[in-house]
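Read the structure below first, then the notes.
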Ligand code: OOB
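In full-length UniProt numbering, the protein residues as written are 13 to 585.
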């Protein structure tokens, strides 16, 4: 596969000039790549290859359970489906290096699609089901996507309507494929394979799709950054680096071939994808159970029926589950580990997990850019409830620095910088952002404020980035401010987070109206943002009109003072 890797865009092995390649996706300097390989972190595997091996080793073991449609795909079936779909996509003109925006709910086809793309060496761009026209149009345009994959409907929303708008906006988009439901004006994913699909039929090894496939150091996909800038940045992950984060996670979370992982969060997010997530479970030859939505009413019966052993939740859901467990009639005793992360889990809530659910809590502090920290299963309970864990890898470098990048002593609170075998060296096609988000020697500026304990565990103390973490969903203040500024009556706007007992934080937009503008009601502002085609979680929870913003000594707007002010006012309708 080496030869194919040489001409591919955005890969470490490609033949174009250094600057051109850097602009696309900065990668690890050779000395680091060699070190990570020599240490055994990078195993030289690809996702397509791993699935092939698992399918050969245990074709009849169940890989994916999709309870909503009562389907159970074996490893053999998932492998054969990925092959056939890959062949069909290739016949439709998809080639290695192409970007394909994948926006699917938690359905089995998610894995068929991403493994088909992995096998081709085309890059899934992982959109979330909550994204709407503004976000999807941006992803398709910015990545020059060749295709966009949706489900016809999910959660009462018609994605075909969304796709029609996106296609009108982005004529370069060559295909829209509908993975489930009536395709309408688009092509059904089931019609893409070139041969008739009898998924149950075994595939003769001689008929296996013979693609050169990507090399282990090639890009595997683009993940979305939570972001703190006007538009989301894209995170280029390679097979080598991501697969390390999977098996590294599996070891720390006790995942083996007998594990059953419940995917309760949106499958495309980095947390349920890789910590250890669905891909970690598939790497281990374990079973993935897809949960259509994460409420206890849906999840608890599945835990009982499928013997789920571990799952991952954001803090608000973990709170809901601990409460619901007190009165449930469902047997949750199979659950060994509950991973909680994405946002800070309060110590008080963390203490309730073991008594309520009878399982071990494992805190996860991770980021789509790479670094993932876990509390260890055998950590003392005090450590589990009061820290956000420590890195997966002995080669994860952690620095805690002051505002001038000076290293601070252990125990001091400062900015977290990190570098390591599965942390990116730069965003995809974003040289200006990269200059700001990474140090000259390749440390990623996480934007998190942390403190290290003497045992090497991290405690998240706050955030320096201009982002709101709404129960694990990240909102870049600047992005929402730009939308507010588009309103003809708005003179200026600032978006900050304010405390919320359930979400941790919710968003508050402070708005100054133009002189002489008709008075606006908060609902009208919210509606305006929603109608600009944004994900619903980005619509401000509260809007407050002010005459002026607080200023710092040098006259800059003080978000710090706005945050202090936030939450002290009653809700305005
Ligand atoms: C996960 O990934 P992202 O990319 O959506 O967000 C990363 C950011 C971190 O930089 C941090 O600000 C925050 O989310 N965060 C936490 C946290 N886990 C993530 N803040 C406090 N405590 C935690 N436990 O959110 C993500 C990716 C992989 C695994 C888990 C979470």
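Think of the CB as a built atom: it goes at the ideal place given N, C-alpha and C, for glycine as much as any other residue.
Fill in: CA-to-CA distance, residue 146 to residue 521, given in whole angstroms
As a working mapping, residue 521 is identified with position 509 in the chain shown. As a working mapping, residue 146 is identified with position 134 in the chain shown. Between residue 521 and residue 146, the C-alpha separation is close to 20 Å.
Fill in: Residue environment, residue 279, which counts as buried when at least 16 other CB atoms sit within 10 Å
Stepping through the chain shown from its first residue, residue 279 is reached at position 267. Label assigned to residue 279: buried.
Worksheet item: Under the criterion of a Cβ to heavy atom distance below 7 Å, does residue 179 qualify as lining the ligand OOB?
Response: Looking up residue 179 in the chain shown gives position 167. Answer for residue 179: no, Cβ out of range of the ligand OOB.
Worksheet entry | Length of the line joining the Cα atoms of residue 393 and residue 374 | For the purposes of this step, residue 393 is identified with residue 381 of the chain shown, where counting begins at 1. For the purposes of this step, residue 374 is identified with residue 362 of the chain shown, where counting begins at 1. If you take the alpha carbons of residue 393 and residue 374, they lie about 10 Å apart.
Item to complete: Examine the ligand OOB and report whether any of its heavy atoms sits within less than 7 Å of the Cβ of residue 356.
Response: Here residue 356 is taken as the residue at index 344 of the chain shown, counted from 1. Answer for residue 356: yes, Cβ within range of the ligand OOB.
Worksheet entry | DSSP state of residue 577 mapped onto helix, strand, coil | As a working mapping, residue 577 is identified with position 565 in the chain shown. It is helical.
Worksheet item: Where does residue 7 land, buried or exposed, given buried means 16+ other C-beta within 10 angstroms?
Response: Since the first residue of the chain shown is 13 and the last is 585, residue 7 is not available in this structure.
Worksheet item: Under three-state DSSP, which class holds residue 357?
Response: If you number the chain shown from 1, residue 357 lands on position 345. Coil.
Worksheet item: Taking 7 Å as the cut-off, is the CB of residue 380 close to at least one heavy atom of the ligand OOB?
Response: As a working note, residue 380 is residue 368 in the chain shown. For the ligand OOB, at least one heavy atom lies less than 7 Å from the Cβ of residue 380.
Practice prompt. Look at the alpha carbon of residue 137 and the alpha carbon of residue 158, and state the distance between them as a whole number of angstroms.
Written response: On the chain shown, residue 137 is found 125 positions in, with the first residue counted as 1. On the chain shown, residue 158 is found 146 positions in, with the first residue counted as 1. Each residue's Cα considered, the two are about 11 Å apart.
Worksheet item: Any idea if residue 443 is buried or exposed, counting beta-carbon neighbours within 10 angstroms, 16 or more meaning buried?
Response: Here residue 443 is taken as the residue at index 431 of the chain shown, counted from 1. Exposed.
Worksheet item: From what residue to what residue does the alpha helix (DSSP H) around residue 540 run?
Response: Residue 540 sits at position 528 when you count from the first residue of the chain shown. Unbroken alpha helix (DSSP H) run through residue 540: 534-543.
Worksheet item: Should residue 245 be listed as close to the ligand OOB, given that the test is whether its C-beta is under 7 Å from any heavy atom?
Response: The residue labelled residue 245 in the question sits at position 233 within the chain shown. No, since every heavy atom of the ligand OOB falls outside the 7 Å radius drawn around the Cβ of residue 245.
Practice prompt. Leaving aside the five residues before and after residue 306 along the sequence, list all residues of the same chain whose C-beta is less than 8 Å from its C-beta, in chain order.
Written response: Walking along the chain shown from the start, residue 306 turns up at place 294. For residue 306, where only same-chain residues beyond five positions count, the Cβ hits under 8 Å are 276, 277, 325, 329.
Item to complete: Could you pull the start and end residues of the alpha helix (DSSP H) that residue 125 belongs to?
Response: For the purposes of this step, residue 125 is taken as the residue at position 113 of the chain shown. Under the DSSP assignment, residue 125 falls in the alpha helix (DSSP H) whose first and last residues are 121-132.
Discussion item. Under 8 Å, with one C-beta from each stretch per pair, do the stretch 104-118 and the stretch 53-72 reach the 3-pair mark?
Written reply: Result no; under three Cβ-Cβ pairs closer than 8 Å.
Fill in: Bounding residues of the beta strand (DSSP E) (the contiguous stretch that carries residue 48)
For this step, residue 48 is matched to residue 36 along the chain shown. Counting along the chain, residue 48 falls outside any beta strand (DSSP E), though it belongs to the alpha helix (DSSP H) covering 42-50.
Worksheet item: Which two residues bound the contiguous beta strand (DSSP E) that contains residue 373?
Response: The count along the chain shown starts at 1 and reaches residue 373 at position 361. Run containing residue 373: 372-379, per the beta strand (DSSP E) assignment.
Worksheet entry | Which of helix, strand or coil DSSP assigns to residue 571 | Sequence index remark: in the chain shown, residue 571 carries index 559 (1-based). Three-state DSSP puts residue 571 in a helix.
Discussion item. With three or more C-beta pairs closer than 8 Å as the rule, is the stretch 83-94 touching the stretch 61-73?
Written reply: yes
Discussion item. Under 7 Å: does the beta carbon of residue 283 sit that close to some heavy atom of the ligand OOB?
Written reply: In the chain shown, the residue the question calls residue 283 occupies position 271. Yes - the ligand OOB has a heavy atom lying nearer than 7 Å to the Cβ of residue 283.
Discussion item. I'd like to confirm the pairing. Which residues does DSSP put opposite residue 223 in its beta bridges?
Written reply: The count along the chain shown starts at 1 and reaches residue 223 at position 211. Beta-bridge pairing links residue 223 to no other residue.
Practice prompt. Say yes only if the C-beta of residue 475 is nearer than 7 Å to one or more non-hydrogen atoms of the ligand OOB, and no if none qualify.
Written response: In the chain shown, residue 475 corresponds to position 463, counting from 1. Flag set: Cβ of residue 475 near the ligand OOB.
Worksheet item: Of the choices 256, 112, 473, whose alpha-carbon is the least far from that of residue 187?
Response: The count along the chain shown starts at 1 and reaches residue 187 at position 175. Ranking the options by Cα distance to residue 187, first place goes to 112.
Worksheet item: How is residue 242 classed by DSSP in three states: helix, strand or coil?
Response: Indexing the chain shown from 1 puts residue 242 at position 230. Note: residue 242 maps to coil in three-state DSSP.
Discussion item. Counting C-beta neighbours from all protein chains within 10 Å, is the total for residue 449 16 or more, i.e. buried, or is it exposed?
Written reply: Along the chain shown, read from residue 1 onward, the residue named residue 449 stands at position 437. It counts as buried.
Worksheet item: So, helix, strand or coil for residue 265, using DSSP?
Response: Taking the chain shown and counting its residues from 1, one reaches residue 265 at position 253. In the structure shown, residue 265 sits in a helix (DSSP, three-state: H, G or I).
Discussion item. By DSSP's criteria, residue 487 is part of a beta bridge. Which residues make up the other side?
Written reply: Locating residue 487 in the chain shown gives position 475, where the first residue counts as 1. Residue 487 pairs with 480.
Worksheet item: Of all the beta strand (DSSP E) runs that stay within the bounds of the stretch 127-193, which reach a length of 3 or more residues?
Response: 135-138, 159-162, 187-190
Practice prompt. For my contact list, residue 205 and residue 116 are in at a C-beta cut-off of 8 Å; report their separation, rounded to the angstrom.
Written response: For this step, residue 205 is matched to residue 193 along the chain shown. For this step, residue 116 is matched to residue 104 along the chain shown. With 8 Å as the limit, residue 205 and residue 116 do not qualify as a contact, their Cβ atoms being about 17 Å apart.
Discussion item. Considering only their Cβ atoms, is the gap separating residue 53 from residue 553 smaller than 8 Å?
Written reply: Mapped onto the chain shown, residue 553 falls at position 541. Mapped onto the chain shown, residue 53 falls at position 41. Their beta carbons are not under 8 Å apart, which means residue 553 does not touch residue 53 by this criterion.
Item to complete: Could you pull the start and end residues of the alpha helix (DSSP H) that residue 60 belongs to?
Response: As a first step, residue 60 is located in the chain shown; it is residue number 48 there, counting from the start. Unbroken alpha helix (DSSP H) run through residue 60: 59-69.
Discussion item. The ligand OOB and residue 240: does the residue's C-beta get closer than 7 Å to at least one heavy atom of that ligand?
Written reply: By 1-based counting over the chain shown, the position of residue 240 is 228. No, the beta carbon of residue 240 sits no closer than 7 Å to any heavy atom of the ligand OOB.
Worksheet item: residue 203: buried (16+ other C-beta within 10 angstroms of its C-beta) or exposed?
Response: Locating residue 203 in the chain shown gives position 191, where the first residue counts as 1. The residue is exposed, with fewer than 16 neighbouring Cβ atoms inside 10 Å.
Worksheet entry | the stretch 260-273 / the stretch 227-245 touching (three or more Cβ pairs under 8 Å) | no
Practice prompt. List the whole-angstrom C-beta distance separating residue 194 from residue 176, where the pair is believed to meet the contact cut-off of C-beta under 8 Å.
Written response: Taking the chain shown and counting its residues from 1, the one referred to as residue 194 is at position 182. Taking the chain shown and counting its residues from 1, the one referred to as residue 176 is at position 164. So it is not a contact: roughly 14 Å between Cβ atoms.
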